[in-house]
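The structure appears right after this line, and notes come after that.
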Amino acid sequence: MNIHEYQAKELLKSNGVNVPNGKVAFTVEEAINVAKELNAGVWVVKAQIHAGGRGKAGGVKVVKSIEEVEQAAKEIMGKNLVTPQTGPQGKIVKKLYVEEGSNIEKEFYISMVIDRETNGITVIASTEGGMEIEEVAEKTPEKIIKHKLKPCANMEMDEAKDIASKLGLKDDLIDKAANFILSVHKTTISLEALMVEINPMVITKEKEVYALDAKMGFDENSFYRHEDIANLRDEDEEDPLELEAKKHDLNYVKLDGEIGVMVNGAGLAMATMDLIKQNGGKPANFMDIAGAATPERVAAAFKLLYSDKDVKGILCNVFGGMMRTNSIAEGLVTAANEVKMAKPVVVRLEGTNIELGRKILKDSGLPFINASTFGETAKKIVEAVKKEEK
Ligand code: GDP
Ligand code: MN
Numbered sequence: 013m014n015i016h017e018y019q020a021k022e023l024l025k026s027n028g029v030n031v032p033n034g035k036v037a038f039t040v041e042e043a044i045n046v047a048k049e050l051n052a053g054v055w056v057v058k059a060q061i062h063a064g065g066r067g068k069a070g071g072v073k074v075v076k077s078i079e080e081v082e083q084a085a086k087e088i089m090g091k092n093l094v095t096p097q098t099g100p101q102g103k104i105v106k107k108l109y110v111e112e113g114s115n116i117e118k119e120f121y122i123s124m125v126i127d128r129e130t131n132g133i134t135v136i137a138s139t140e141g142g143m144e145i146e147e148v149a150e151k152t153p154e155k156i157i158k159h160k161l162k163p164c165a166n167m168e169m170d171e172a173k174d175i176a177s178k179l180g181l182k183d184d185l186i187d188k189a190a191n192f193i194l195s196v197h198k199t200t201i202s203l204e205a206l207m208v209e210i211n212p213m214v215i216t217k218e219k220e221v222y223a224l225d226a227k228m229g230f231d232e233n234s235f236y237r238h239e240d241i242a243n244l245r246d247e248d249e250e251d252p253l254e255l256e257a258k259k260h261d262l263n264y265v266k267l268d269g270e271i272g273v274m275v276n277g278a279g280l281a282m283a284t285m286d287l288i289k290q291n292g293g294k295p296a297n298f299m300d301i302a303g304a305a306t307p308e309r310v311a312a313a314f315k316l317l318y319s320d321k322d323v324k325g326i327l328c329n330v331f332g333g334m335m336r337t338n339s340i341a342e343g344l345v346t347a348a349n350e351v352k353m354a355k356p357v358v359v360r361l362e363g364t365n366i367e368l369g370r371k372i373l374k375d376s377g378l379p380f381i382n383a384s385t386f387g388e389t390a391k392k393i394v395e396a397v398k399k400e401e402k
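Rendered as structure tokens:
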């Protein structure tokens, strides 16, 4: 899960990282009040969405009077911001961050990420701040400094100073930047973040080091230890279907194909997805309904898939060992009746109470397409979807 810049800056600040004074605003009125409170000569009004590249898209404005703050806030609030990271559909801005402007002398890039090769944190730094790091990596890879920390080891002052001097900093600024980097590291460790990115970290004309932008990503599996982070979730930023899935405790990930997949167990899900691909189709999602598959949960899972406009057909491939196939059949029938079932649905059910399960499906009179072997399932749904398209 990612969080907003204003939230990330708050967390950085409480871990000793220098950030300009600023505050979030949910209305234009609030933005003006925040600007007045800040009592600065220059303000920056920034769109708060979970995507970078806002600057170039008109989502970051540097202004010099309260009137201009109002103008900028009016312009950005409610705007559909399209950046390389939002996708072509863009993202509506519902929050602004207003902060004190900085006198930038130079912009740098600093991030800390979990490195799967070393199982530790890798610090990435560059003199090419403000730009997208992917672009820097592609065009001028020699300008990227990578420093791999040992797993569980602390980051030492000497290591941080080494990075600062590789960034070309001198004297006092080496110490200031090194302290900044150590504080970012402390933030990363204490929050168990997957990724903390400061782009840009700036040196001001007054020779101070600040984080002007901040991005953080977390593994939701750590949230039982970090309730405060879990509470930073912004539902506006989540896929509505994934949110719905979470409510029903379904393991669901949206993908870009056309065949909705409903399976119990991650292994069966992967195998089913492979099979769909082999038969020339593309899965629209990963879904594991494992656990207590009550008829209600099965119905919720089915309706969720069905409501996805990208889904042209559904494949339900369930082996009921612990879970009874009659419960699954019941859930399927309830949901299919509700949605009127205009899309093809292939069902392969095996396991406990299978006779009863099949009878429920048959007695429903609904046009479920039955498949009995594993190989048959994917073939049947791909064919059915192709037929619909004609
Ligand atoms: P992003 O485009 O979504 O990554 O948004 P950023 O927060 O990184 O802002 C984009 C750019 O706006 C930065 O690289 C800076 O050049 C500029 N910027 C941001 N804050 C300030 C500021 O306080 N003063 C000045 N002069 N420029 C700023
Ligand atoms: Mn940025």
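Per my numbering, the very first residue in the sequence shown carries number 13; after that it's consecutive. All C-beta atoms in this analysis are idealised placements derived from N, C-alpha and C, irrespective of residue type, glycine included. No experiment lies behind these values; they were computed from the predicted model shown.
- The set of residues with any CB-heavy atom separation to the ligand MN below 6 angstroms comprises, in chain order, 64, 211, 225.
- A distance criterion of 8 angstroms places the beta-carbon of residue 30 beyond contact range of the ligand GDP, judged by its closest non-hydrogen atom.
- Rounded to the nearest angstrom, the gap between the Cα atoms of residue 96 and residue 258 is 28 angstroms.
- Counting along the chain, the unbroken alpha helix (DSSP H) around residue 343 starts and ends at 337 to 351.
- Pairing residue 73 with residue 309, the inter-Cα distance amounts to about 47 angstroms.
- Taking a cut-off of 8 angstroms on C-beta distances, the segment 260 to 272 does not touch the segment 50 to 66, as fewer than three cross pairs fall below it.
- Along the length of the segment 92 to 124, whole beta strand (DSSP E) runs at least 3 residues long occupy 108 to 112, reported in chain order.
- Shortest Cα-Cα distance from residue 162 to any of 365, 134, 139 involves 134.
- Restricting attention to alpha helix (DSSP H) runs no shorter than 4 residues, the segment 290 to 325 encloses them at 307 to 319, ordered along the chain.
- Between the ligand GDP and the CB of residue 118, the shortest heavy atom gap is not smaller than 8 angstroms.
- In the pairwise beta carbon analysis, the segment 249 to 258 is classified as not touching the segment 20 to 33: fewer than three pairs are separated by under 8 angstroms.
- With a contact defined as Cβ atoms closer than 8 angstroms, residue 331 and residue 373 miss out at about 16 angstroms.
- Taking C-alpha positions only, residue 371 is separated from residue 357 by approximately 17 angstroms.
- Under a 10 Å Cβ-count criterion, residue 128 is classified as exposed, with fewer than 16 other Cβ atoms of the shown protein chains found around its own Cβ.
- Listed in chain order, the non-local C-beta contacts of residue 76 below 6 angstroms within the same chain comprise 54, local neighbours out to five positions each way being set aside.
- Inside the segment 140 to 176, DSSP marks whole beta strand (DSSP E) runs of 3 or more residues at positions 156 to 160, from first to last along the chain.
- Per DSSP, the continuous alpha helix (DSSP H) segment holding residue 40 begins and ends at 40 to 50.
- Note: residue 138 is bridge-paired with 121, 156 in the DSSP secondary-structure output.
- In this structure, the beta-carbon distance from residue 58 to residue 17 falls below 9 angstroms.
- In terms of Cβ geometry, residue 322 and residue 264 do not form a close pair [threshold 9 angstroms].
- DSSP places residue 386 inside the alpha helix (DSSP H), whose first and last residues are 386 to 401.
- Relative to residue 326, the option among 336, 335, 353 whose CA is nearest is 353.
- Around residue 343, the same chain offers 307, 310, 311 as residues with beta carbons nearer than 6 angstroms, after the five sequence neighbours per side are excluded.
- Per DSSP, the unbroken beta strand (DSSP E) holding residue 215 starts and ends at 205 to 216.
- The secondary-structure analysis by DSSP pairs residue 15 across a beta bridge with 228.
- Remark: C-beta atoms of residue 226 and residue 24 approach each other more closely than 9 angstroms.
- Around the Cβ of residue 38, a 10 Å sphere holds fewer than 16 other Cβ atoms; the residue is exposed.
- At least one heavy atom of the ligand GDP is found less than 8 angstroms from the C-beta of residue 95.
- Looking at the backbone, the Cα of residue 395 and that of residue 315 are separated by about 22 angstroms.
- Within 8 angstroms of the C-beta of residue 115 there is at least one heavy atom belonging to the ligand GDP.
- The bridge partners DSSP lists for residue 327 are 273, 358.
- Annotation: the continuous alpha helix (DSSP H) that includes residue 81 extends over 78 to 88.
- DSSP places residue 127 in the strand class (E or B) of the three-state scheme.
- Short note on residue 67: C-beta closer than 8 angstroms to some heavy atom of the ligand GDP.
- At a threshold of 8 angstroms, residue 25 does not count as near the ligand GDP, since its beta carbon sits no closer than that to any of the ligand's heavy atoms.
- By the Cβ test, the segment 280 to 294 is not in contact with the segment 220 to 235, since fewer than three Cβ pairs between them sit closer than 8 angstroms.
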